[in-house]
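Structure record follows, encoded as structure tokens.
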Amino acid sequence: MPSSTAGFACAMSSALDPVLRVYPVRTLTERILDEIFPPLCVGCRRIGRWICDRCWMQVAWLGQGEPIPAPAGLDGVVAVAGFDGVAREAVHALKFGERHAISGMMGHLMAGAVPPHVIQVVAPVPLHSSRRRDRGYDQAAMLATRVGRSLDVPCRRNLLRRVRKTRQQTTLDGIHRRENVRGAFAPRERLQGEAVLLVDDVLTTGATMAAAAEAAREAGAGRVIACVFAWAR
Ligand SMILES: [Zn+2]
3 MPSSTAGFAC AMSSALDPVL RVYPVRTLTE RILDEIFPPL CVGCRRIGRW ICDRCWMQVA
63 WLGQGEPIPA PAGLDGVVAV AGFDGVAREA VHALKFGERH AISGMMGHLM AGAVPPHVIQ
123 VVAPVPLHSS RRRDRGYDQA AMLATRVGRS LDVPCRRNLL RRVRKTRQQT TLDGIHRREN
183 VRGAFAPRER LQGEAVLLVD DVLTTGATMA AAAEAAREAG AGRVIACVFA WAR
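See below:
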């Protein structure tokens, strides 16, 4: 494994994007895991990092304050990158490639995009239990755990539950997506007005996020802000 990747943050940004996104500094555990299972770049398969220096520059990083329309019932959206190219590959690696360790890098970047001292609780947008069984893991919960740790805010993995199995949103258009997920979530725990960060991997139409936000409000949340790795514009 190239020594240049060992724990050094590498500052890159594209000419169009004034925001500096740096490759997250890895924890000791992550460094050890990377030695045992060296990551391959999701963009070009080069060994060493989840996104290599060259591919890092090609990510459509979103600027701070880039206006992302908040879905109904949300007080804001935080996203790291546009859902294209390398960022899309990163999401797919997490979701379908069983390369779970990439959640560390993604969660770090997501936490870095959240304004400080705003959030009191982090919670994932839950998968239905049967889908989690099929897949064996839950990518939103992994990201949420990571984001909570980075923000030093408790992660309530069981705040919400998916009460209804829904069709894969990717097969549906906007209106049908909203119908598909309406009432799909319910609170499982109670809050007392805390500001909640709802974590998922991708925001597309926002229908799923809006439905989850509604359940978070039922749980007693105050402000509800969405936090995703990629935004599909
Ligand atoms: Zn690469």
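Using the numbering used here, the letters of the sequence shown correspond one by one to residues 3 to 235.
Idealized CB from N, CA, C, for every residue including glycine.
Rounded C-alpha distance that separates residue i from residue j
{"i": "residue 82", "j": "residue 235", "result": "12 Å"}
{"i": "residue 160", "j": "residue 190", "result": "6 Å"}
{"i": "residue 89", "j": "residue 146", "result": "18 Å"}
{"i": "residue 28", "j": "residue 37", "result": "12 Å"}
{"i": "residue 56", "j": "residue 79", "result": "28 Å"}
{"i": "residue 41", "j": "residue 105", "result": "12 Å"}
{"i": "residue 176", "j": "residue 169", "result": "13 Å"}
{"i": "residue 59", "j": "residue 184", "result": "38 Å"}
{"i": "residue 73", "j": "residue 54", "result": "33 Å"}
{"i": "residue 188", "j": "residue 114", "result": "29 Å"}
{"i": "residue 222", "j": "residue 198", "result": "10 Å"}
{"i": "residue 118", "j": "residue 63", "result": "20 Å"}
{"i": "residue 173", "j": "residue 208", "result": "15 Å"}
{"i": "residue 122", "j": "residue 182", "result": "30 Å"}
Same chain, Cβ closer than 6 Å to residue i, five either side skipped, listed in chain order
{"i": "residue 76", "result": "215, 226, 228"}
{"i": "residue 232", "result": "83, 85, 89, 93, 204"}
{"i": "residue 149", "result": "109, 112, 113, 124, 201"}
{"i": "residue 193", "result": "221, 222, 223"}
Buried versus exposed, by CB contacts within 10 Å (16 or more), residue i
{"i": "residue 196", "result": "buried"}
{"i": "residue 210", "result": "buried"}
{"i": "residue 236", "result": "The structure shown has nothing for residue 236, since the chain only spans 3 to 235."}
{"i": "residue 65", "result": "exposed"}
{"i": "residue 2", "result": "Shown here, the chain extends from 3 to 235; a query on residue 2 therefore has no answer."}
{"i": "residue 102", "result": "exposed"}
{"i": "residue 25", "result": "buried"}
Same chain only: Cβ atoms within 8 Å of residue i, ignoring 5 sequence neighbours per side
{"i": "residue 142", "result": "126, 127, 128, 129, 201, 202, 203"}
Same chain, Cβ closer than 7 Å to residue i, five either side skipped, listed in chain order
{"i": "residue 9", "result": "Low confidence applies here, because residue 9 scores a pLDDT of 25, under 50, leaving its location unreliable; read the following figure in that light. Taken in chain order, the residues that qualify are 27, 28, 33."}
Contact with chain B by residue i, beta-carbon distance below 7 Å
{"i": "residue 100", "result": "Among the chains of the structure shown, chain B does not appear; only one protein chain is present."}
#### Entry: Runs of beta strand (DSSP E) wholly within the stretch 35-99 (minimum 3 residues, chain order)
78-84
#### Entry: beta strand (DSSP E) runs wholly inside the stretch 161-224, at least 3 long, in chain order
162-164, 187-189, 198-205
### Task
Write down every uninterrupted run of the beta strand (DSSP E) in the stretch 111-158 whose length is 3 residues or greater and which is fully enclosed by it, in chain order.
123-126
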